[in-house]
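S.K.:
2 protein chains.
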Amino acid sequence: MVHHAEASTFEQGLSKAQAYARVLEEAEALFAGQRNWVSNLSNASSLLHHALKSVDGPVSAINWCGFYFINPLNHQELILGPFHGHVACQSIKVGQGVCGAAAATMMTEVVPNVDEFPGHIACDSNSKSEIVVPIIQNSKVVAIIDIDCSELNGFNSEDAQLLEKLANLIAETCDF
Amino acid sequence: MVHHAEASTFEQGLSKAQAYARVLEEAEALFAGQRNWVSNLSNASSLLHHALKSVDGPVSAINWCGFYFINPLNHQELILGPFHGHVACQSIKVGQGVCGAAAATMMTEVVPNVDEFPGHIACDSNSKSEIVVPIIQNSKVVAIIDIDCSELNGFNSEDAQLLEKLANLIAETCDF
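So the protein lines, in turn, are chains A and B.
Per the UniProt record's numbering, residue 1 is the first one in the first sequence, and the count goes up by one each step.
Per the UniProt record's numbering, residue 1 is the first one in the second sequence, and the count goes up by one each step.
(1) Apart from the five residues on each side of it in sequence, which residues of its chain come closer than 6 Å, Cβ to Cβ, to L162(A)?
(2) When the Cα atoms are used, what is the spatial distance from E158(B) to I135(B)?
(3) List the residues of chain B that V38(A) touches, going by C-beta distances under 8 Å, in chain order.
(4) Looking at the secondary structure, which residues open and close the beta strand (DSSP E) in which F69(A) lies?
(5) Enumerate in chain order the residues of its own chain whose CB-to-CB distance from A61(B) is below 7 Å, with the five nearest sequence positions on each side excluded.
(6) Could you tell me which uninterrupted alpha helix (DSSP H) segments, each at least 4 residues in length, are contained entirely in the stretch 121-166 of chain B, listed from first to last along the chain?
(7) Per DSSP, F83(B) is paired with what?
(8) Measure the beta-carbon distance from S125(B) to H49(A) and round it to whole angstroms, keeping in mind my assumption that it falls under 8 Å.
(9) Pick helix, strand or coil for N36(B), following the three-state DSSP scheme.
(10) Which residue or residues does DSSP assign as beta-bridge partners of S91(B)?
(11) Mind listing the chain B neighbours of A7(A)? Cutoff is C-beta to C-beta under 7 Å, in chain order.
(12) When the cut-off is 9 Å and only beta carbons count, does Q18(B) lie next to chain A?
(13) Should E90(A) go down as buried or exposed, given a rule of 16 or more other Cβ atoms within 10 Å for buried?
(14) How many angstroms separate the CA atom of F140(A) from the CA atom of F117(B)?
(15) With burial defined as no fewer than 16 other Cβ atoms inside 10 Å of the residue's Cβ, what is the status of D146(A): buried or exposed?
(16) Hey, is S60(A)'s beta-carbon within less than 9 Å of any beta-carbon in chain B?
(17) Where do the ends of the beta strand (DSSP E) carrying V111(A) lie?
(18) Using a Cβ cut-off of 9 Å (strictly closer), state whether S46(A) contacts chain B.
(19) With 16 as the cutoff for other CB atoms within 10 Å, does L41(B) come out buried or exposed?
(20) Quick one: which chain B residues come within Cβ less than 9 Å of Q34(A)?
(21) Which same chain residues end up closer than 7 Å to L24(A) when comparing Cβ atoms and leaving out the 5 residues on each side of it in sequence?
(22) Cβ closer than 8 Å: which chain A residues qualify as neighbours of L30(B)?
(23) Based on DSSP bridge pairs, tell me the residues matched to V55(A).
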């Protein structure tokens, strides 16, 4: 019998390309037949957490990995969604900090050093670098992927490109 | 400046009573001013994960900690909610397995050995014991707390009693 937990069990020492490819493959299989966004983002945060922890490189020092979603009652606010890591800020204004910037511009933010980002919101003093990728459905941001790393330069254009594929998959397969 | 992440930073070697008392205290503070259930259950799964990992005892071997919620489109189905751990089953029928039993009976299930529970659903072959606590709002189950442990006898009546307090807090403070 194959257990669900095996979907997020990764061997150590993967390249980023290998890790994200497995995430996309497993996410596609898990989301088939389940369009509830809470369920799918919960599993996606587990997949990303375990995949990036297995990568040979600074990205394995991720210390927070999850999602914020647009408040259905106030489209100018992001609300904390499913994640893996320490407790985080419950809400962020669109336009504020790294998450808010990505939501406002609909563009991925790769931040090599969060202390140099104007208006950075520190939920955890251990976070040194960050990537935020908007999830766009029907030309509107519905949520964002947010990953923090406890090392500087945790993320680069490769993460951006591969996480945008995950964001597209989520937009196509989940009802928000 | 106090960061949110400190809410889920626990010293090692706590008693269960100490760990759960901190969880309740931090949850109450975090939920104040935020009634969105996704946000609050996401932070609660982080609090529980980090708190129980710090306890001196078999419960520190928890390998999954999170929530399932009643499908708003089908009240006979639980859907995977926010959690910490490996990827899990996306949906469970009310009445099926340990989670489904707690949802059907509206009673906490403490299972010392999951292999002896009739119809147990194994999302992870590492899980040996389990506790499931229903969250009851307006006399109906809206969600359940589900925690798995990789050791037998991970949970007892003390966990049940203290998690029921958390379930009550969630029912009082979150809009489902």
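Where a beta carbon is used, it is the ideal one built from N, C-alpha and C, also for glycine.
Just so we're clear, the structure is a prediction, and the values are computed from it rather than from any experiment.
M.R.: So, from the data block:
(1) In the first sequence, counting from the first residue as 1, residue 162(A) sits at position 162. Cβ neighbours of L162(A) beyond the five flanking positions: Y20.
(2) Numbered from 1 along the second sequence, position 158 holds the residue referred to as residue 158(B). Numbered from 1 along the second sequence, position 135 holds the residue referred to as residue 135(B). Going by the C-alpha atoms only, they are around 17 Å apart.
(3) Numbered from 1 along the first sequence, position 38 holds the residue referred to as residue 38(A). In chain order: V38, F69, I79, L80, G81, P82.
(4) Mapped onto the first sequence, residue 69(A) falls at position 69. Here the beta strand (DSSP E) through F69(A) covers 62-71.
(5) For the purposes of this step, residue 61(B) is taken as the residue at position 61 of the second sequence. Excluding sequence neighbours, A61(B) sits near C149, S150, E151, G154.
(6) none
(7) Numbered from its first residue, the second sequence carries residue 83(B) at position 83. Per DSSP, G66(B).
(8) For the purposes of this step, residue 125(B) is taken as the residue at position 125 of the second sequence. For the purposes of this step, residue 49(A) is taken as the residue at position 49 of the first sequence. The Cβ separation is near 20 Å, so there is no contact.
(9) Working through the second sequence from its first residue, we reach residue 36(B) at position 36. Strand.
(10) Against the second sequence, residue 91(B) aligns to sequence position 91. Answer by DSSP bridge pairing, in chain order: I79(B).
(11) For the purposes of this step, residue 7(A) is taken as residue 7 along the first sequence, with counting starting at 1. Here the neighbours are V87.
(12) Within the second sequence, the letter at position 18 stands for residue 18(B). The beta carbon of Q18(B) does not come within 9 Å of any beta carbon belonging to chain A, so the residue lies off that interface.
(13) For the purposes of this step, residue 90(A) is taken as the residue at position 90 of the first sequence. It is worth fixing the name first, because residue 90(A) is Gln in this sequence and not Glu. Per the 10 Å Cβ criterion, buried.
(14) For the purposes of this step, residue 140(A) is identified with residue 140 of the first sequence, where counting begins at 1. For the purposes of this step, residue 117(B) is identified with residue 117 of the second sequence, where counting begins at 1. Reading the sequence as shown, one finds Lys at residue 140(A) and not Phe. About 46 Å.
(15) Taking the first sequence and counting its residues from 1, the one referred to as residue 146(A) is at position 146. Label assigned to D146(A): buried.
(16) Sequence index remark: in the first sequence, residue 60(A) carries index 60 (1-based). Answer no: the Cβ-Cβ gap between S60(A) and chain B never drops below 9 Å.
(17) As a working note, residue 111(A) is residue 111 in the first sequence. Segment 109-111, the beta strand (DSSP E) holding V111(A).
(18) Position 46 of the first sequence, counted from the first residue, corresponds to residue 46(A). It does: the Cβ of S46(A) has a partner Cβ on chain B nearer than 9 Å.
(19) The count along the second sequence starts at 1 and reaches residue 41(B) at position 41. Classification of L41(B): buried, given that the 10 Å Cβ count is 16 or more.
(20) Reading the first sequence from its first residue, position 34 is the one you call residue 34(A). Listed by position along chain B, the residues whose Cβ is nearer than 9 Å to that of Q34(A) are I79, L80, Q90, S91.
(21) Within the first sequence, residue 24(A) is the residue found at index 24, counting from 1. So the qualifying residues of the chain are K165, L166, L169.
(22) Along the second sequence, one-based indexing puts residue 30(B) at 30. L30(B) reaches chain A at V87, Q90, counting residues in chain order whose Cβ is nearer than 8 Å.
(23) The residue given as residue 55(A) occupies position 55 in the first sequence. BP columns for V55(A) point to L14(A).
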